[in-house]
Amino acid sequence: MMKWSPTVTMKRKMNSKTRGLRLNPHRIESTEKWRKDERRSEKSNAIKTYKYNAFTFLPMNLFEQFKRAANFYFLVLLILQAIPEITTLAWYTTLVPLLLVLGVTAIKDLVDDVARHKMDNEINNRTCEVIKDGRFKIAKWKEIQVGDVIRLKRNDFIPADILLLSSSEPNSLCYVETAELDGETNLKFKMALETTHQYLQKETSLATFDGFIECEEPNNRLDKFTGTLFWRNTSFPLDADKILLRGCVIRNTDFCHGLVIFAGADTKIMKNSGETRFKRTKIDYLMNYMVYTIFIVLILIAAGLAIGHAYWEAQVGNYSWYLYDGEEWTPSYRGFLNFWGYIIVLNTMVPISLYVSVEVIRLGQSYFINWDLQMYYPEKDTPAKARTTTLNEQLGQIHYIFSDKTGTLTQNIMTFKKCCINGQIYGDHRDASQHNHSKIEQVDFSWNTYADGKLAFYDHYLIEQIQSGKEPEVREFFFLLSVCHTVMVERLDGQLNYQAASPDEGALVSAARDFGFAFLARTQNTITVSEMGTERTYNVLAILDFNSDRKRMSIIVKTPEGRIRLYCKGADTVIYERLHPTNPTKQETQDALDVFASETLRTLCLCYKEIEEQEYEEWNKKFLAASVASTNRDEALDKVYEEIEKDLILLGATAIEDKLQDGVPETISKLAKADIKIWVLTGDKKETAENIGFACELLTEDTTICYGEDINALLNTRVENQRNRGGVYAKFLPPVHEPFFPSGGNRALIITGSWLNEILLEKKTKTSKILKLKFPKTEEERRMRTQSKRRLEAKKEQRQKNFVDLACECSAVICCRVTPKQKAMVVDLVKRYKKAITLAIGDGANDVNMIKTAHIGVGISGQEGMQAVMSSDYSFAQFRYLQRLLLVHGRWSYIRMCKFLRYFFYKNFAFTLVHFWYSFFNGYSAQTAYEDWFITLYNVLYTSLPVLLMGLLDQDVSDKLSLRFPGLYVMGQRDLLFNYKRFFVSLSHGVLTSMILFFIPLGAYLQTVGQDGEAPSDYQSFAVTIASALVITVNFQIGLDTSYWTFVNAFSIFGSIALYFGIMFDFHSAGIHVLFPSAFQFTGTASNALRQPYIWLTIILTVAVCLLPVIATRFLSMTIWPSESDKIQKHRKRLKAEEQWKRRPFRRGVSSRRSAYAFSHQRGYADLISTGRSLRKKRSPLDAIVADGTAEYRRTVES
-18 MMKWSPTVTM KRKMNSKTRG LRLNPHRIES TEKWRKDERR SEKSNAIKTY
32 KYNAFTFLPM NLFEQFKRAA NFYFLVLLIL QAIPEITTLA WYTTLVPLLL
82 VLGVTAIKDL VDDVARHKMD NEINNRTCEV IKDGRFKIAK WKEIQVGDVI
132 RLKRNDFIPA DILLLSSSEP NSLCYVETAE LDGETNLKFK MALETTHQYL
182 QKETSLATFD GFIECEEPNN RLDKFTGTLF WRNTSFPLDA DKILLRGCVI
232 RNTDFCHGLV IFAGADTKIM KNSGETRFKR TKIDYLMNYM VYTIFIVLIL
282 IAAGLAIGHA YWEAQVGNYS WYLYDGEEWT PSYRGFLNFW GYIIVLNTMV
332 PISLYVSVEV IRLGQSYFIN WDLQMYYPEK DTPAKARTTT LNEQLGQIHY
382 IFSDKTGTLT QNIMTFKKCC INGQIYGDHR DASQHNHSKI EQVDFSWNTY
432 ADGKLAFYDH YLIEQIQSGK EPEVREFFFL LSVCHTVMVE RLDGQLNYQA
482 ASPDEGALVS AARDFGFAFL ARTQNTITVS EMGTERTYNV LAILDFNSDR
532 KRMSIIVKTP EGRIRLYCKG ADTVIYERLH PTNPTKQETQ DALDVFASET
582 LRTLCLCYKE IEEQEYEEWN KKFLAASVAS TNRDEALDKV YEEIEKDLIL
632 LGATAIEDKL QDGVPETISK LAKADIKIWV LTGDKKETAE NIGFACELLT
682 EDTTICYGED INALLNTRVE NQRNRGGVYA KFLPPVHEPF FPSGGNRALI
732 ITGSWLNEIL LEKKTKTSKI LKLKFPKTEE ERRMRTQSKR RLEAKKEQRQ
782 KNFVDLACEC SAVICCRVTP KQKAMVVDLV KRYKKAITLA IGDGANDVNM
832 IKTAHIGVGI SGQEGMQAVM SSDYSFAQFR YLQRLLLVHG RWSYIRMCKF
882 LRYFFYKNFA FTLVHFWYSF FNGYSAQTAY EDWFITLYNV LYTSLPVLLM
932 GLLDQDVSDK LSLRFPGLYV MGQRDLLFNY KRFFVSLSHG VLTSMILFFI
982 PLGAYLQTVG QDGEAPSDYQ SFAVTIASAL VITVNFQIGL DTSYWTFVNA
1032 FSIFGSIALY FGIMFDFHSA GIHVLFPSAF QFTGTASNAL RQPYIWLTII
1082 LTVAVCLLPV IATRFLSMTI WPSESDKIQK HRKRLKAEEQ WKRRPFRRGV
1132 SSRRSAYAFS HQRGYADLIS TGRSLRKKRS PLDAIVADGT AEYRRTVES
């Protein structure tokens, strides 16, 4: 029998962004080739993030490396050295360092790419069930194609974007966890079409499904989907509620079936990943400009010396018979050849070893981050991870941090902390007699069989009130929490398991359960509650669902005794407007709300109302009419809700803690002291984001908060002022920098995504659908249209710049209700207009674009969602580790890299410019001042280890003091340690050192007689003397630059000097000359020269003259103008190792109401409950559904 699997054909329309997907189940042999060709055109579901394979690694990697200017430059040098007419250096002096650089970089790239291969293989080789040959069979993710029908089980990751066809739940509901997309752990529900739920349950019907789907092109909108299913001569609309996205996890659903719509790179999660940008540090760019500067200096010096040689040849060389070399070249041609000769001789001014040394230092610093146990999170076994090795020093230069909220600052865990009932606050540490205690045991809920044991509560008096029943309002309070909600419940292993539309609602229902009022079950028209052990069932007459506009929800129930009551909960701002005028506890509850708000708890008011039978009947008629309205149904329902939700009786208020991650306020406080500004970019609503701002102390009671409408007016005024100042001469006037706010005062900006679009002129203009006839435009019309576009672009750019200037005047900025694209846009605006170094931190797929846009991206790992981590440069498990990453590792890395670069330029100028001074005494002939092997090994062996160790281990103050004094971080933000001024100081230092190294030995050698009566002033002895003084000087110089001494540092410095002398004596021995006579020509020079005390005195004098001025300068600098780190280092023993951080005290009675309740971004489950679609019915087990009894699942059936 011919093998078959469902096939897909894609039809693209020229004038609309849609595509069609058709399943063709007919097993016709003649169409087999057609189906294969069509499949070949479809996207594969395999993910590819690696760059190389076994065949392409070497050529592609070498090609990429030689695209770097420095590597290509040294390749050209190597070619020049192969030309006998111009080279004065052996070819190996360049080849050995070049091979070392290429090899180290290639190994690093190979290790990174192997890791990517492993990760890709792990994901692509995951398995799921796909229909093949008319049956479900196990297949790998990478084998899935668009149009395949797949089956997923509970806790499976979704492999592609699929259309939900059916599931094991009532009405084919499917619960998914979107932690990998948005960091939220509360479940969302999806629901299949009624027709696919009814007809596509069995394996045989799924195998013969032959529908046609027309849908939108692949895009990055996570919450939008538009499509149509054509099946059985009927069309069915498709929206986002019927789509399961790749990266989500199936929860609380035994199995589900789906049709693959988007696969691989076309899936929404991959489309949201944004473009991968190659990130480079500020120091990288600066270093490149400095290398270009050195290269220009090199060309100028070489050209000057070449001209000098041409002149010398004309004046001296042509008339000196002993210099004749058999070539009849003109002086100008000899000067031209010498220009290239000097390019080769002086090439170490642009040292190739600089780049490999930088890579080694960065790699080592990355490992230090990975190995830091103080950034290890034991609860989830998650260490910190430097996922890139090229950005470490930039961690010490951050100006702005852009942070997600949910899962980054918060744990997304809501905890019931306090409540106010009938004007009395409960939740403090007190016993049953109402006496406060600082230390008291946790409340024991063992008396309640339904308690889950997770609630930590310390007010024993509330328990006594509930159990005694003295105050009926207390029981009524918790009864309201147990019935006024849209929570779903199921029993797993005898335990109640709640699924809520928002984590707040889940926390309140769970709290009611712990206090003796457990929500047990619900049907379409009833709800069952256990009240202090007694089960009671209430008729549900109506559910008035919440949304972000109503900010409340209500339920109307009928008691077994026949009374009708409305229970309502919502934000205090909307509840207080609807209270009965004679509420006795209104002021007491208001005072309690102020206390809760000042403690940054999320508050919610509870109230109820008795309803007469006749009143309810009249209202219900209006409610039913609004429920079936064909137009403006939501508005009609809201109007009906308003009629019944009035004259309410206040019961009290709840206070929930949106649990911050440990150490968040402390981290934000320390980062603020380091002059780092923090912006929070979240998709959550304004009230919630503002409340978290107070909780993490980004906002305080003294903060003046500006909102979108406020700054819109300010920006409009600024635009008018700028327009008035404009004119013909405006561009010649200097720019005017006016502050938006008066000086002084602490301000914060809170702005929503809609206001952001309006302010930044990002609103999309609606395109008219009316057919327009297009006629050729005149040149004048084209010119006018172009000018109009330019004016609009200029206006938009000015508006954006003004917004960034205004926002940066605020101490904190919170952007709420923003999309992933808006997050990236805000980061890009600050990068573009402030030229500041930015860091973005998040934990979900909605943060990926922001993470990739910022200079440095940090992912919070240890959660279920790993998409942000995969796209990040650094990752760790808790936000609090950010302070150590920046204030310790970032600052140290910046200081080390700056010291390394300054020293490296110094030592190479000191080494190379000796050739320059020597050229004045050798006829500018490009003769080297050193032995060839010394030139080859100088940067590789003799001076490499000390500078590498300083770049890896040096620290001005300890890690504890770095955290204790965040102000030390400012030097990196201001580029104080490495800039053009510091660069030219290092170059000048190198030039002076090279002069001393050359001219003191030259003066000593002019008229010298050794102990044996012979003059040691030959060229080879002179070269050894300079080289020895150079190696000792530069190694001792790094000792002076080292702030943190260890045995390893000391060993490297003295070991490098010893290594130099050991290798020199070996290379100058007669034995190696016999073996390689042409390569080793300094036979016996070292032993002959260095046995003369006069030579040693010359070396000591040279080293002393080089170093003593440096020692004197450093001493005066530290004594008269000490830096902040110098002061801390001097008094480090008297300073405390760590400062005990304390929260800011809050003042009661001064805070305005800040009610924050995490309303769902969509409506709750009320529609599902009232229509009965969510309620579990008795169903056949799966093995009865799947043909031939081959099913692997069984599910527990509940009535």
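Anchor point for the sequence shown: position 295 equals 276 in our numbering, and the numbering is continuous, going up by one each time.
Ideal Cβ positions, reconstructed from N, Cα and C, are used throughout, including at glycine.
These figures come from a predicted structure and were not determined experimentally.
- Within its own chain, the residues whose Cβ lies closer than 7 angstroms to the Cβ of F604, once the five positions on either side in sequence are excluded, are A523 and V621, listed in chain order.
- In the three-state scheme derived from DSSP, where H, G and I count as helix and E and B as strand, K118 is classed as strand.
- Look at the beta carbons and you see the segment 607 to 621 not touching the segment 374 to 386: under three pairs across the two are nearer than 8 angstroms.
- In chain order, L58, L61, L279, I280 and A283 place their CB closer than 8 angstroms to the CB of I324, counting only its own chain and leaving out the 5 sequence neighbours on each side.
- Taking all protein chains shown into account, M330 has 16 or more neighbouring C-beta atoms within 10 Å of its C-beta and is therefore buried.
- Closest by C-alpha distance to V510, out of S483, T540 and I795, is T540.
- Bounds of any alpha helix (DSSP H) do not take in W212; it lies within the beta strand (DSSP E) bounded by G208 to W212.
- For the pair of segments examined, the segment 494 to 501 was found to touch the segment 463 to 480: the number of CB pairs separated by less than 8 angstroms reaches three.
- In terms of Cα proximity to A849, the closest of K29, L162, R780 and F892 is L162.
- Put simply, the backbone Cα of T581 is about 5 angstroms away from that of A676.
- A residue is called buried when at least 16 other Cβ atoms come within 10 angstroms of its Cβ; K435 does not meet this threshold and is exposed.
- Put simply, the segment 633 to 650 touches the segment 584 to 603. At least three CB pairs are less than 8 angstroms apart.
- Considering only T685, M765 and S650, the residue with the shortest C-alpha distance to N727 is T685.
- Here V839 is actually not in contact with L868; their C-beta atoms are around 14 angstroms apart, not less than 8 angstroms.
- Judged by DSSP secondary structure, M356 falls outside any beta strand (DSSP E); it is assigned neither H nor E.
- The three-state reading of DSSP puts I139 in coil, since its state is none of H, G, I, E or B.
- The continuous beta strand (DSSP E) containing A729 extends over residues N727 to T733.
- Around the beta carbon of K386, a 10 Å sphere encloses 16 or more other beta carbons of the protein chains shown; the residue is thus reported as buried.
- The Cβ atoms of G823 and I740 do not sit closer than 8 angstroms to each other.
- A51 places its beta carbon 8 angstroms or farther from that of Y270.
- Looking at S427, A246 and T663, the one whose alpha-carbon comes closest to that of L390 is T663.
- Proximity to G514 across A573, N478, V130 and Y431 peaks at Y431, based on C-alpha coordinates.
- Around the CB of N889, 16 or more other CB atoms lie within 10 Å, so the residue is classed as buried.
- Under the rule that a run must span 3 or more residues, the beta strand (DSSP E) segments found entirely inside the segment 414 to 492 read 469 to 473 and 476 to 480.
- For M1099, the enclosing alpha helix (DSSP H) stretches over residues P1074 to I1101.
- For A27, the closest alpha carbon among the candidates K113, A246 and L226 is that of A246.
- Below 8 angstroms, too few C-beta pairs join the segment 312 to 326 and the segment 869 to 881 to call them touching: fewer than three.
- Annotation for A499: the continuous beta strand (DSSP E) segment containing it runs F498 to R503.
- Cβ contact annotation for D137 (same chain, cutoff 8 angstroms, sequence separation greater than five): C109, V230 and I231, in chain order.
- The beta carbon of L286 is closer than 6 angstroms to those of Y323, S900 and Y905 in its chain, skipping five residues each way along the sequence.
- In this structure, the straight-line span from the alpha carbon of T234 to that of L154 is close to 8 angstroms.
- Burial state of T1094 is exposed, judged by a 10 Å Cβ sphere holding fewer than 16 other Cβ atoms.
- In the structure shown, the three-state DSSP call for M172 is strand.
- Taking C-beta atoms as the reference points, H1049 and T1066 count as a pair closer than 8 angstroms.
- DSSP places C687 in the uninterrupted beta strand (DSSP E) bounded by T684 to Y688.
- Straight-line spacing of the CA atoms in T507 and I224 works out to 31 angstroms.
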